[in-house]
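Counting from 1, position 292 in the sequence shown corresponds to residue 292 in UniProt numbering; the numbering is continuous, with no gaps.
Glycine is no exception: its CB is placed at the ideal position from the N, C-alpha and C atoms.
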Amino acid sequence: MSVETQKETLGFQTEVKQLLHLMIHSLYSNKEIFLRELISNASDAADKLRFEALAKPDLLEGGDPLKIRVSFNKDANTVTLEDNGIGMSREDAITHLGTIAKSGTADFMKHLSGDQKKDSHLIGQFGVGFYSAFIVADRVDVFTRRAGLPASEGVHWESHGEGEFSVASIDKPERGTRIVLHLKSGETEFADGWRLRNIIKKYSDHIALPIELPKEQHGEETPTEVEWETVNRASALWTRPRAEVKDEEYQEFYKHVAHDFENPLSWSHNKVEGKLEYTSLLYVPGRAPFDLYQREAPHGLKLYVQRVFIMDQADEFLPLYLRFVKGVVDSNDLSLNISREILQKDPVIDSMKSALTKRALDMLEKLAKNDPEQYKGFWKNFGQVIKEGPAEDFANKEKIAGLLRFASTSDDSGEQSVALTDYLGRVKDGQDKIYYLTGESYAQVKNSPHLEVFRKKGIEVLLLTDRIDEWLMSYLTEFDGKHFVDVARGDLDLGKLDSEEDKKIQEEAAKAKEGLVERLKTALGSQVSEVRVSHRLTDSPAILAIGEQDLGLQMRQILEASGQQVPDSKPIFEFNPAHPLIEKLDAEQSEERFGDLSHILFDQAALAAGDSLKDPAAYVRRLNKLLVELSA
1 MSVETQKETL
11 GFQTEVKQLL
21 HLMIHSLYSN
31 KEIFLRELIS
41 NASDAADKLR
51 FEALAKPDLL
61 EGGDPLKIRV
71 SFNKDANTVT
81 LEDNGIGMSR
91 EDAITHLGTI
101 AKSGTADFMK
111 HLSGDQKKDS
121 HLIGQFGVGF
131 YSAFIVADRV
141 DVFTRRAGLP
151 ASEGVHWESH
161 GEGEFSVASI
171 DKPERGTRIV
181 LHLKSGETEF
191 ADGWRLRNII
201 KKYSDHIALP
211 IELPKEQHGE
221 ETPTEVEWET
231 VNRASALWTR
241 PRAEVKDEEY
251 QEFYKHVAHD
261 FENPLSWSHN
271 KVEGKLEYTS
281 LLYVPGRAPF
291 DLYQREAPHG
301 LKLYVQRVFI
311 MDQADEFLPL
321 YLRFVKGVVD
331 SNDLSLNISR
341 EILQKDPVID
351 SMKSALTKRA
361 LDMLEKLAKN
371 DPEQYKGFWK
381 NFGQVIKEGP
391 AEDFANKEKI
401 AGLLRFASTS
411 DDSGEQSVAL
421 TDYLGRVKDG
431 QDKIYYLTGE
441 SYAQVKNSPH
451 LEVFRKKGIE
461 VLLLTDRIDE
471 WLMSYLTEFD
481 GKHFVDVARG
491 DLDLGKLDSE
501 EDKKIQEEAA
511 KAKEGLVERL
521 KTALGSQVSE
531 VRVSHRLTDS
541 PAILAIGEQD
551 LGLQMRQILE
561 ASGQQVPDSK
571 PIFEFNPAHP
581 LIEKLDAEQS
591 EERFGDLSHI
601 LFDQAALAAG
611 DSLKDPAAYV
621 RRLNKLLVEL
631 SA
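Pasting the structure below:
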């Protein structure tokens, strides 16, 4: 073995220590996945070399075919995995094998609970690649050299999977990486050719690179040289006809592409021929990654050109609201030496993006139609991201709207399970609008006074409580020819849903209360933009409506929280002329008492709308004064 020089011992990043502890002490019932993870990494290393060699052919160092070799030694109780891919420099080894350079690490760590069963599941979600070696090994040696560096700049990385690892310089004539796993005493089953062969066939058959094992010898003589045989199919899965690919193969390929431990919810495999030629294989994950809401986090599809890997996260092929979609796109129409800058300007990309976006939306439509229960799970994980769609993708606005799910007054569960097509299937005769109400919480909107007239007439209202909803509805103006109407905004007009008799009663009530309207305007002054008789209320005395062009409460709170200036606007005060409190107010002779009662009603209406009071102390003072008078 080569002489080691410049040896240093370093400590693992804190997060790695936590992961290793969990893996070593609690992990998988399915230990064999360590081999899948290491083979997946080796495949990525080969992809990266192939790509870098497009610009620097010398990196191939003689052009030895790219491959992965897995071997074992029963006597030494080791498993060795070797690739001739890109390899690592000393700095690479310290960075890649000593830290977790992945966005969302902090969020991931926050979710760890100390419950080993739950935490092992979380690790599976996060994807840990190389560190899975310590599930079966109590020592791991990595011998590596980056392609293009001299043989003297080889690196030996070693760790027992505890707090530290060591790095030393060695001579390594051949490029690439060799990983030697010194198996724990209870894991000798993996130092076996038959066992390794079965694991590779099960998890890594889709890898486009030959995975070789020593050929099993049935004679008595030991050959002087090891004969190797390829044990996987060694062809890119996406290039095979769909009819030839089993569901299990699609699922394993997803785990390789997405670095996920769970099966995907759905996938779509398509070959496009004609003006443009490309193959795509798109997946919808089973659960959300930790960095889903970090819009700047890396995302996108693996890009291949004529089966040569080009880019790991090409984000130009799908819009940002579909950033959770994983997969591969392989084009015949892009140049092999394409860079990200050229990619952003290529008109072929625009055509592919448009087609792939429709393909992804069709996949979600199909999931919603064929498996509503699975789609319910998808919506919980990704619904808020899909809601970004109507603002970003005007061309597919109607298609995206069909995928949205809402809570509604037709269902007391509070679940977001109502599709717009469901809603339209239940509309009243003469109803030409889709009614909705936004708010901070389901409890608040469900009990909002704004719904009283809708309950009385049996009209369904969608209840929107996600922070993004008011912003969403500013872009989603209609669906299937019917306009959306915010029931808390402007002057409510129910059109044909109000009978002529209803309209006549409303006009008479407005005329009869003209004097009260003027008194309230004087009492409330600059707090309101308008005072009027309400047609929305049946049980409550008063509500606050929002002006047609004004920001709603959700948007105001979002802007305020982000430190932006919020345009000044005042609510419309509406009162219920038939309510006993309003009748008492109308009969009140004392203007001072009338003013106090008016302000109490105004503040109560603000609270019912989910708003905070501008002057809580004044509200309490007026309310206490009223209670004292009543008890006197």
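Judged by beta-carbon spacing, Thr230 lies beyond the 7 Å limit of Glu249, meaning their Cβ atoms are not closer than that value.
The continuous stretches of beta strand (DSSP E) do not include Val487, and DSSP gives it neither H nor E. Beyond the five residues adjoining it in sequence on each side, Lys56 comes within less than 8 Å, by CB distance, of Gly148 in the same chain, given in chain order. Going by C-alpha positions, Leu265 is about 9 Å away from Gly377. The segment 575-583 makes no contact with the segment 410-421, as fewer than three CB pairs between them are under 8 Å.
In the DSSP annotation of this structure, Ile211 is not part of any alpha helix (DSSP H); the continuous beta strand (DSSP E) holding it starts and ends at 211-214. Using a Cβ distance threshold of 7 Å, Asp330 and Glu452 do not count as a contacting pair. In the DSSP annotation of this structure, the continuous segment of the beta strand (DSSP E) that includes Arg178 starts and ends at 176-183.
Within 10 angstroms of the beta-carbon of Trp238 lie 16 or more other beta-carbons, which makes it buried.
Within the segment 512-546, the alpha helix (DSSP H) runs of at least 4 residues that lie entirely inside it are, in chain order, 514-524. Taking a C-beta distance under 7 Å as the contact criterion, Glu470 and Gly552 qualify as a contact pair.
In this chain, the beta strand (DSSP E) harbouring Leu462 covers 462-464. Taking every protein chain shown into account, the CB of Leu627 has fewer than 16 other CB atoms within 10 angstroms, so this residue is exposed.
DSSP places Gly154 in no alpha helix (DSSP H) but in the uninterrupted beta strand (DSSP E) bounded by 154-159. Comparing alpha-carbon positions, the option among Glu277, Leu276, Leu281 lying closest to His269 turns out to be Leu281. Sorting Ala93, Pro150, Lys202, Asp205 by C-alpha distance to the C-alpha of Ser159 places Ala93 at the top. Contact between Asn84 and Glu174 is confirmed by a C-beta separation of about 7 Å, below the 8 Å threshold.
With three or more CB-CB distances shorter than 8 Å, the segment 305-325 counts as touching the segment 45-59.
DSSP places Leu54 in no beta strand (DSSP E) but in the uninterrupted alpha helix (DSSP H) bounded by 33-55. A Cβ-Cβ contact shorter than 7 Å links Tyr278 with Val272. Exclusion of the five residues before and after Lys399 leaves Leu361 as the residues of its chain whose Cβ lies within less than 7 Å of its Cβ. The DSSP-derived three-state label of Ile200 is helix.
Here the segment 479-489 does not lie against the segment 510-518, with fewer than 3 beta-carbon pairs under 8 Å apart. Gln564 is classed as exposed because its beta carbon has fewer than 16 other beta carbons within 10 Å across all chains shown.
Excluding its 5 nearest sequence neighbours in each direction, Asp411 has C-beta neighbours in its own chain below 8 Å: Ser417, Val418, listed in chain order. Here His269 carries a strand assignment [DSSP, helix/strand/coil]. Under the three-state reduction of DSSP, Asn73 is assigned to strand. In this structure, Glu82 lies near Arg69, with their beta-carbon atoms less than 7 Å apart.
Secondary structure of Thr239 (DSSP, three-state): helix.
Counting along the chain, the unbroken alpha helix (DSSP H) around Arg622 starts and ends at 616-631.
Counting along the chain, Ser331 sits inside the beta strand (DSSP E) bounded by residues 326-331. Shown here for Ile434: same chain residues with a beta carbon closer than 6 Å to its own, the five before and five after excluded, namely Lys482, Phe484 in chain order. Nearest to Arg405 by alpha-carbon distance, out of Ala395, Lys358, Thr465, is Thr465. Between Val461 and Leu494, the C-beta spacing is not below 7 Å. Under the three-state reduction of DSSP output, Leu403 falls in the helix class. With respect to Glu4, His156 sits close: the two C-beta atoms are nearer than 7 Å.
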